[in-house]
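Below is one structure; the comments refer to it alone.
2 protein chains.
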Amino acid sequence: MRTVAVQAKIIIDLPMISRSRIQFVMSLQRKKVRDIEKLFVIEGDKMVREYLMSGKPVRYLIAKPEFIGSIPAGLADCADETIPVTFRELAKISTLKTPHNAIAVVPVPEAESGHDIVPVGLCAALDFIQDPGNLGTIIRAAAWFGISEIICSNECVDLYNPKVIQATMGAFLNVTVRYGDMKVFLEKARKQGLPVYATLTEGEPVYDTGLTDTGVILLGNESRGISGELMQYVTTRLSIPKFTTARFGIDSLNAGMAAAIVFSEFARRGYSK
Amino acid sequence: MRTVAVQAKIIIDLPMISRSRIQFVMSLQRKKVRDIEKLFVIEGDKMVREYLMSGKPVRYLIAKPEFIGSIPAGLADCADETIPVTFRELAKISTLKTPHNAIAVVPVPEAESGHDIVPVGLCAALDFIQDPGNLGTIIRAAAWFGISEIICSNECVDLYNPKVIQATMGAFLNVTVRYGDMKVFLEKARKQGLPVYATLTEGEPVYDTGLTDTGVILLGNESRGISGELMQYVTTRLSIPKFTTARFGIDSLNAGMAAAIVFSEFARRGYSK
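Those protein sequences? They're chains L and X, same order as listed. Number 261 marks the last residue of the first sequence (this note's numbering); no jumps. Number 261 marks the last residue of the second sequence (this note's numbering); no jumps.
Structural data, given as structure tokens:
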């Protein structure tokens, strides 16, 4: 019994990842480093497992031996390198308060140039969304409601920010997110005769305004709304009616919630057909 | 010119709040202390201003002199004590990465006992919502859609957690949030013949299910959903249809978004009437 206990202690404390490797993974929290290395970090058992199952390339799989042992045979081999770590090591690398059991360092997919972006089907366009949690939940809502394309203005927070990836809960696997000049993009939408729906404080109630199944849903900054220079491209002004006469604390909805409600309403129209 | 510069330096660094007071305000981040002191903290210029304007009692108004000078005459007098502070002092007290200009320490309103809770109109019931951001955004969505009553199971995160208050963006002023035994509450709803709508992964599509303007909208825990023992009270199982066939990263919607979509759908029915 004594021997077993001693062995267990050794396994738990055994360092298995170099300090420079830990520092490298941590450095990927910064956009500058991600841009140079063309790598980003996915964290959490469920998200890492789903990423592995999607068959996309993995540079490093950094995980507790229990996690590595738990995934289907062959999946860990998808990683160029699998690095077993202790919980303490994982906690060092993690951006989360309560680290999970696995982190994957994966390549940033090749991005198309902003000027090549052409509106397809029903897509969402985000003007200056700054909060990582908001971008992440918008991507999650878009994936749920079948919006497979999101155009971000260059001022939006980076998709590969760890907090964005975390908030998507894996939905980034199903939505193409591209960055570019929003004016150039909306100009193209206009040339194609596509409607551009803006969500505003003042506008037609989204519940009874005609909505099409192609077009652009334009969402603005968390506090400033949609940039003035983009308003010329808007063909329909939508708003989410407020069902209260309260005077305080009801200025607006959270950007993620507003997006989810509008996406839901577009989806409902298609659903009811 | 030199004298002016020196004076400005002195004003900026002048300590205006005692260390023990700073520690007291910071201690209110802990539920145990809030329960004893019956005080909580509101942070942010807009929220503090709206709280003052609502005419509710304020124990301490802790703010930069510029903020105190900017609010309408008489409003600062609503506080038992107004404490001007430097930015550095405010940053110490703040729970935010980027502190604002004002913090208010205010009394927790007298709570009714959980057993006195009776369902009224259309209300939301939250079972084991643990994430402060989720509770806050659910309150914000409820206020927007005219749901003025939220019942939280005793396992839910505390309303007066600073992150919850922050995420409400002031909407806590317009929604009565009460804690109690969820079984007792739902038992009462059943006795009154009120419908209990549950939002689930499997259920009737919320878009074309009959919805009433009185009843209980029951929302479950972020990962585990609604507790098994509560399902006996559910009269209608609702779900938000998924508009994708993707295999990965689309297990669920964020709890706040799901709540917002369901509240919106109840409101829309009333709106269209």
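Even glycine gets a Cβ: it sits at the ideal position worked out from N, Cα and C.
With 9 Å set as the bound, which would you pick, yes or no: does the beta-carbon of residue i sit closer than that to a beta-carbon of chain X?
i, result
"Phe173/L", "no"
"Met4/L", "no"
"Ser8/L", "no"
"Tyr48/L", "no"
"Ser136/L", "yes"
Looking only at DSSP bridge pairs, what is residue i linked to?
i, result
"Ile69/X", "Note on identity: in this sequence residue 69/X is Glu, with Ile being the wrong assignment. According to DSSP, which records beta bridges pairwise, Glu69/X is partnered with Tyr48/X."
"Gly213/X", "Asn209/X"
"Glu143/L", "Paired residue(s): none; Glu143/L is not in a bridge."
"Gly168/X", "Ser141/X"
For residue i and chain L, any beta-carbon pair shorter than 9 Å?
i, result
"Ser42/X", "yes"
"Lys34/X", "yes"
"Ser252/X", "yes"
"Asn262/X", "The requested residue 262/X is not part of the displayed model; chain X covers only -11 to 261."
"Thr232/X", "yes"
"Asp146/X", "no"
"Ser58/X", "no"
"Glu18/X", "Residue 18/X is actually Arg in this sequence, not Glu. No, Arg18/X does not count as interfacial toward chain L."
"Ala155/X", "yes"
"Ser141/X", "no"
Taking Cβ-Cβ distances shorter than 8 Å, what residues in chain X pair up with residue i?
i, result
"Pro229/L", "Ala255, Tyr259"
"Asn149/L", "Those within 8 Å of Asn149/L in chain X number zero; the least Cβ separation is about 14 Å."
"Glu38/L", "Phe236, Gly237"
"Tyr185/L", "Here the premise fails: no neighbours, minimum Cβ distance about 16 Å."
Which of helix, strand or coil does DSSP assign to residue i?
i, result
"Leu226/L", "strand"
"Ile56/L", "helix"
"Ala(-7)/X", "At Ala(-7)/X the pLDDT is 48, less than 50, meaning the model places this residue with poor confidence; the figure from the coordinates comes in the next sentence. Ala(-7)/X falls in the helix class under three-state DSSP."
"Ile5/L", "coil"
"Gly134/X", "coil"
"Gly258/L", "helix"
"Ile(-2)/L", "For Ile(-2)/L, the pLDDT reaches just 48, beneath the cut-off of 50, and the residue's location in the model is therefore unreliable, although a value from the coordinates is still provided. It is helical."
"Leu188/L", "strand"
"Gly244/L", "helix"
"Val204/X", "strand"
"Thr156/X", "helix"
"Pro193/L", "strand"
"Ile238/X", "coil"
"Pro150/L", "helix"
"Gln180/X", "coil"
"Ala61/X", "coil"
"Leu199/L", "coil"
"Val163/L", "coil"
"Phe231/X", "coil"
Could you list which residues in chain L have their beta carbon closer than 8 Å to that of residue i, in chain order?
i, result
"Leu114/X", "Near Leu114/X there are no residues of chain L at all, since even the closest Cβ is about 16 Å away, more than 8 Å."
"Asn122/X", "Those within 8 Å of Asn122/X in chain L number zero; the least Cβ separation is about 11 Å."
"Thr223/X", "Those within 8 Å of Thr223/X in chain L number zero; the least Cβ separation is about 23 Å."
Residue i touches chain X at which residues, Cβ-Cβ below 9 Å?
i, result
"Gly244/L", "Thr125, Asn242, Gly244, Met245, Ala248"
At a CB-CB cut-off below 9 Å, which residues of chain L make contact with residue i?
i, result
"Ala270/X", "Here chain X covers residues -11 to 261 and nothing more, so residue 270/X does not appear."
Could you work out which residues of chain X lie near residue i, taking near to mean beta carbons separated by less than 7 Å?
i, result
"Ile238/L", "Ala131, Trp132, Ala159, Asn162"
"Thr31/L", "The identity of residue 31/L in the sequence shown is Glu, whereas the question assumes Thr. Simply none; closest approach about 14 Å."
Enumerate, from N- to C-terminal direction, the unbroken beta strand (DSSP E) stretches of 3 or more residues contained entirely within the segment 75 to 127 of chain X.
Taking only runs of at least 3 residues, the beta strand (DSSP E) segments lying wholly in the segment 75 to 127 of chain X are 90 to 95, 110 to 114.
Can you list the beta strand (DSSP E) stretches of 3 or more residues lying completely in the segment 10 to 43 of chain L, in chain order?
Given a length threshold of 3 residues, each whole run of the beta strand (DSSP E) inside the segment 10 to 43 of chain L is given here in chain order: 27 to 31.
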